[in-house]
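What follows is a single structure, written as structure tokens, with notes after it.
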Amino acid sequence: MNETNDTNPGAIELDAEHWLHAYEQMIRIRTFEEAANELYTSARMPGIAHLYIGEEAIAVGICEALRQDDYITSTHRGHGHCLAKGAELDRMFAELLGKEAGYCRGKGGSMHIADQETGNLGANGIVGGSAGIATGAGMSIKLRGTDQVSVCFFGDGALGQGLLYESMNMAQLWKLPVIYVCENNQYGEYTHNSKMAAGSMVGRATAFGVHAQAIDGQDIRTVHATARLVIERARKGGGPAFLVCDTYRFHGHHVGDIDRPYRTRDEEAEWAKRDPVNLLEAWLVESKQAETEVFERIQQDVKAAVDDAVAFALEASFPSESEVERHVYA
Amino acid sequence: MSTLENGIRHSPAIHAPGERQITFSQAIHEAVSEEMARDERVFAIGEDIAVAGSVFKVFVGLFEKFGPERVIDSPISEAGIAGIGVGAAITGMRPIVDIMFCDFATLVMDQLINQAAKTHYMSGGKLTVPMVMRTTLGAGSRTAAQHSQSLHALFSHIPGLKVAIPATPYDAKGLMKSAIRDDNPVVIFEDRALFSQSGPVPEEEYTLPLGQADVKRTGDDITIVATSSMVYAALEAADRLAAAGISAELIDPRTTSPLDTETLIQSARKTSRALVVDEGYRRYGVTGEIASVIADGAFYYLDAPVRRIGAMDVPVPFSPAMEDLTIPNVDNVVETAKAMCGRE
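Those protein sequence lines, which keep their order, are chains A and B. Under the numbering used here, the first residue of the first sequence carries the number 481, and numbering increases by one thereafter. Under the numbering used here, the first residue of the second sequence carries the number 109, and numbering increases by one thereafter.
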């Protein structure tokens with residue numbers, strides 16, 4: 481998984497303020513997910529959720545390179561994408577709890593959060609199901625003549641879906657501004673991708689002539705630098721790109737997957753050494769851009785905001801019965 | 109163009125003299141062309157629809173008129189173009205996704221059923237999917253089991269989708285224009301056997317509402333509900349029934365979702381008998397749903413159980429000797445209607 485068909489972009493240097501903002505976004509996602517897990521284990525959240533912990537550098541690294549009017553499509557493991565694109569904590573939690581104040585009035589839940597205002601065209605419960613939608617958004621951008629970009633997030637499990645290949649083929653034929661971001665967290669549900677994906681991952685895109693790279697998804701500096709290059713390229717009409725970001729989901733497939741018999745604790749410990757939050761902290765300290773007190777303050781502030789948002793969501797009202805038949809049709 | 113009579117709408121008679129006559133195919137072409145000229149957000153995407161003008165020639169001339177950005181030849185990727193339709197619709201465009209045969213629509217099921225149909229609801233009403241999928245249906249052209257089905261019932265089952273199934277050029281044009289303007293995903297089924305069918309279509313602008321049945325012929329003894337090409341079979345049957353002294357009323361729902369239940373029930377209450385004819389497979393199909401609606405709404409007015417005629421529940425066979433047996437025909441309709449009226 482180290483193939484590339486392009487030169488390594490190298491790090492794009494942002495100032496400390498921007499990196500600390502990115503750090504805060506990663507902490508927001510992690511703290512949100514920890515609270516979602518707590519809501520589940522204390523039986524206060526209906527259904528299940530798929531946690532993004534361990535993969536934060538990808539959503540934040542990509543979305544920090546996007547404008548508010550750029551589009552993303554997300555996945556069942558989508559809380560990180562939504563927050564990284566600008567969603568508010570309180571309405572996110574309200575949606576997870578099925579409350580009317582949620583982003584989708586309680587009709588979508590964890591797997592279907594959409595927020596037009598931040599360009600989030602929706603998380604998706606179908607693996608690979610948004611490949612066409614993101615590509616259609618790219619088509620729309622081209623037809624409307626704007627310089628927006630559309631980003632399609634999906635996991636390595638989606639490499640098994642034909643729709644992805646139909647979509648990438650058309651995106652390259654028509655030079656659509658779509659970035660396909662494969663979050664290769666190694667497992668599709670409970671099965672390692674070595675048993676599911678034959679051949680080369682990036683080769684799937686290079687076969688179409690799509691610019692493709694495999695990168696370290698734990699290092700936000702690499703993710704962000706690569707994202708900026710391919711996003712600006714797409715904005716200028718250079719066409720789609722495909723990024724395979726190597727990463728790991730630190731929790732199970734979903735909140736109820738606590739035994740994880742399909743992988744070893746040793747493997748998990750190895751990946752934990754490359755926690756994306758720790759990697760960014762270490763670099764910021766080493767390069768003398770921040771001191772550890774700053775991280776502690778950010779974590780405390782975010783924790784307070786998450787606690788407030790959880791309290792808001794727990795207090796919020798459920799939708800009324802009359803809401804059931806609303807929005808079936810526009 | 110329609111008139112109101114006893115709360116039931118009547119469109120111009122199918123063969124009304126004096127008005128401009130165009131084919132079903134021309135009617136669809138005009139609708140799409142007019143809407144593309146009216147609204148620059150409208151574009152069409154599909155296999156061989158641009159340079160070739162679609163395999164059934166319905167779009168010939170649109171590519172020259174609107175250019176390659178708005179009439180787009182796609183790879184043979186039904187799911188992919190349906191996905192492109194959904195994504196483009198969510199972000200401000202009004203795509204027309206062309207699926208050559210509805211048999212191929214099975215390849216777009218996730219995009220239509222899980223994505224297009226549910227996006228508005230799942231997003232709490234924030235996102236809309238103003239997309240049209242046009243496709244074709246119908247047996248009888250000796251193209252065997254994978255190019256002959258009538259699968260409109262599958263899509264009518266899904267909340268969030270609208271389904272139109274026009275029989276006449278007039279209805280086809282009016283419904284297509286409304287489908288393009290509608291803010292919901294609409295699937296429009298065109299019967300290939302009707303493409304060369306002529307009928308009156310006015311020169312001037314009009315649209316037809318989705319969800320309004322049309323009374324194609326008035327009568328007193330039995331209501332025949334028919335869709336698509338079955339409307340023509342039912343019309344011929346009605347002529348033969350009239351010769352036998354039975355006055356049949358013919359109703360075309362025109363859309364199966366939304367379904368104009370009120371018109372169906374009113375007619376059945378008036379005539380006291382109802383027969384439903386549709387070219388989809390009989391079991392779990394459009395005829396079952398409509399028969400149930402009528403039985404519920406007109407039970408105390410009925411003099412006979414509601415009957416229904418659909419395609420045989422077999423894959424459509426190739427050999428003409430077998431294929432013709434599977435499709436409802438005029439004889440089936442006449443015999444069933446006579447039996448219901450006690451005139452065997």
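We treat Cβ as the ideally placed atom computed from N, Cα and C, and that holds for glycine.
Residues near residue i in its chain [Cβ-Cβ closer than 7 angstroms; skip 5 each side]
i, result
"residue 527 of chain A", "589 and 590"
"residue 789 of chain A", "569, 570 and 573"
"residue 799 of chain A", "580, 585 and 586"
"residue 355 of chain B", "327, 328 and 329"
"residue 553 of chain A", "601, 602, 604, 610, 613, 614, 632 and 633"
"residue 389 of chain B", "418, 419 and 421"
"residue 360 of chain B", "275, 321, 322, 324, 334, 335 and 339"
Range covered by the alpha helix (DSSP H) that runs through residue i
i, result
"residue 562 of chain A", "559-564"
"residue 645 of chain A", "642-653"
"residue 510 of chain A", "496-521"
"residue 604 of chain A", "Here residue 604 of chain A belongs to no alpha helix (DSSP H), and DSSP marks it neither H nor E."
"residue 226 of chain B", "225-230"
"residue 206 of chain B", "No alpha helix (DSSP H) holds residue 206 of chain B; the beta strand (DSSP E) holding it covers 202-207."
"residue 706 of chain A", "700-715"
"residue 398 of chain B", "394-406"
"residue 753 of chain A", "Unbroken run through residue 753 of chain A: none, as it is neither H nor E."
Chain A residues whose Cβ lies nearer than 9 angstroms to that of residue i
i, result
"residue 482 of chain B", "No answer is possible for residue 482 of chain B: it lies beyond the span of chain B, which begins at 109 and ends at 452."
"residue 361 of chain B", "Simply none; closest approach about 17 angstroms."
"residue 291 of chain B", "809 and 810"
Partner residues on chain A for residue i, Cβ-Cβ distance less than 7 angstroms
i, result
"residue 145 of chain B", "The premise fails here: residue 145 of chain B is roughly 16 angstroms from chain A at the closest Cβ pair, so nothing lies under 7 angstroms."
"residue 151 of chain B", "623"
"residue 190 of chain B", "612"
Cutoff 6 angstroms; reference residue i; Cβ partners in own chain excluding five residues on either side
i, result
"residue 66 of chain B", "Chain B is shown from 109 up to 452; residue 66 of chain B falls before or after that span and cannot be answered."
"residue 763 of chain A", "none"
"residue 166 of chain B", "133, 136 and 137"
"residue 735 of chain A", "517, 520, 528 and 529"
"residue 130 of chain B", "277 and 309"
"residue 193 of chain B", "203, 205 and 239"
"residue 191 of chain B", "219"
"residue 724 of chain A", "662, 664, 681, 682 and 694"
Continuous beta strand (DSSP E) stretch holding residue i: start and end
i, result
"residue 241 of chain B", "240-245"
"residue 551 of chain A", "551-553"
"residue 691 of chain A", "691-696"
"residue 234 of chain B", "Residue 234 of chain B -> no beta strand (DSSP E), and no H or E assigned at all."
"residue 360 of chain B", "356-360"
Residues near residue i in its chain [Cβ-Cβ closer than 8 angstroms; skip 5 each side]
i, result
"residue 177 of chain B", "151"
"residue 485 of chain A", "With a pLDDT of only 41 at residue 485 of chain A, under 50, the local geometry of the prediction cannot be trusted, and the value read off the model is given with reservation. Answer for residue 485 of chain A: 682, 686, 691, 692 and 693, listed in chain order."
"residue 594 of chain A", "583, 584, 588, 600, 601, 602 and 603"
"residue 581 of chain A", "570, 571, 574, 792, 793, 796 and 797"
"residue 446 of chain B", "349, 352, 354 and 452"
"residue 563 of chain A", "505, 508, 509, 512, 539, 569 and 572"
Partner residues on chain B for residue i, Cβ-Cβ distance less than 8 angstroms
i, result
"residue 642 of chain A", "187"
Neighbour list for residue i in chain B, Cβ cutoff strictly below 9 angstroms
i, result
"residue 596 of chain A", "198, 231, 234 and 235"
Residue i Cβ short of 7 angstroms to the ligand MG heavy atom set
i, result
"residue 656 of chain A", "The model depicted lacks the ligand MG and carries no ligand whatsoever."
7 angstroms Cβ cut-off: residues of chain B touching residue i
i, result
"residue 551 of chain A", "199"
Partner residues on chain A for residue i, Cβ-Cβ distance less than 8 angstroms
i, result
"residue 194 of chain B", "612, 613 and 616"
"residue 418 of chain B", "The contacting residues do not exist; residue 418 of chain B stays about 27 angstroms from chain A at best."
"residue 297 of chain B", "Per Cβ cutoff of 8 angstroms: no residues; residue 297 of chain B is ~19 angstroms from chain A at best."
"residue 182 of chain B", "650"
- Task: Pull out every residue of the region 601-615 of chain A whose Cβ sits closer than 7 angstroms to any Cβ of chain B, in chain order.
- Result: 601, 602, 606, 609, 611, 612, 613, 614 and 615
- Task: Mind the definition here: the region 298-310 of chain B touches the region 271-278 of chain B only if three or more C-beta pairs lie below 8 angstroms; say whether that holds.
- Result: yes
- chain B contacts from the region 561-591 of chain A (Cβ-Cβ distance under 8 angstroms): 582, 583, 584, 585, 586, 587 and 588
- Query: For the region 646-673 of chain A, which residues have a beta carbon sitting closer than 7 angstroms to at least one beta carbon of chain B?
  - Reply: 646, 647, 649 and 650
- Task: Would you list, in chain order, the members of the region 219-244 of chain B that have their beta-carbon closer than 7 angstroms to a beta-carbon of chain A?
- Result: 219, 222, 223, 227, 228, 229, 230, 231, 232, 233, 234, 235 and 236
- Query: Per the contact definition of three or more C-beta pairs closer than 8 angstroms, is the region 540-550 of chain A in contact with the region 575-582 of chain A?
  - Reply: no
- the region 618-631 of chain A: positions lying closer than 7 angstroms to chain B by Cβ: 619, 620, 623 and 624
- If contact means a Cβ-Cβ distance below 9 angstroms, which residues of the region 354-383 of chain B contact chain A? 366
- Task: Note down, in chain order, all residues in the region 165-179 of chain B with a beta-carbon under 7 angstroms from any beta-carbon belonging to chain A.
- Result: 177
- Item | Contacting positions in the region 798-809 of chain A - beta carbon closer than 8 angstroms to chain B | 806, 807, 808 and 809
- Between the region 429-449 of chain B and chain A, which residues of the former have a C-beta closer than 9 angstroms to a C-beta of the latter? none
- Query: On the three-pair Cβ rule with 8 angstroms, is the region 657-673 of chain A touching the region 611-630 of chain A?
  - Reply: yes
- Message: Between the region 377-384 of chain B and the region 396-415 of chain B, can you find at least three pairs of beta-carbon atoms closer than 8 angstroms?
- Response: yes
- Message: With a threshold of 8 angstroms, are at least 3 pairs of Cβ atoms found where one atom belongs to the region 416-426 of chain B and the other to the region 253-263 of chain B?
- Response: yes
- Query: Using a Cβ cut-off of 7 angstroms, which residues of the region 256-273 of chain B contact any Cβ in chain A, in chain order?
  - Reply: 267 and 268
- Message: Using a Cβ distance threshold of 8 angstroms, determine whether the region 331-340 of chain B contacts the region 313-320 of chain B, with at least three qualifying pairs required.
- Response: no
- Does the region 699-717 of chain A come within contact of the region 635-650 of chain A, defined as at least 3 CB pairs closer than 8 angstroms? no
- Indicate whether the contact test is met: 3 or more Cβ pairs, each with one atom in the region 769-779 of chain A and one in the region 709-718 of chain A, closer than 8 angstroms. no
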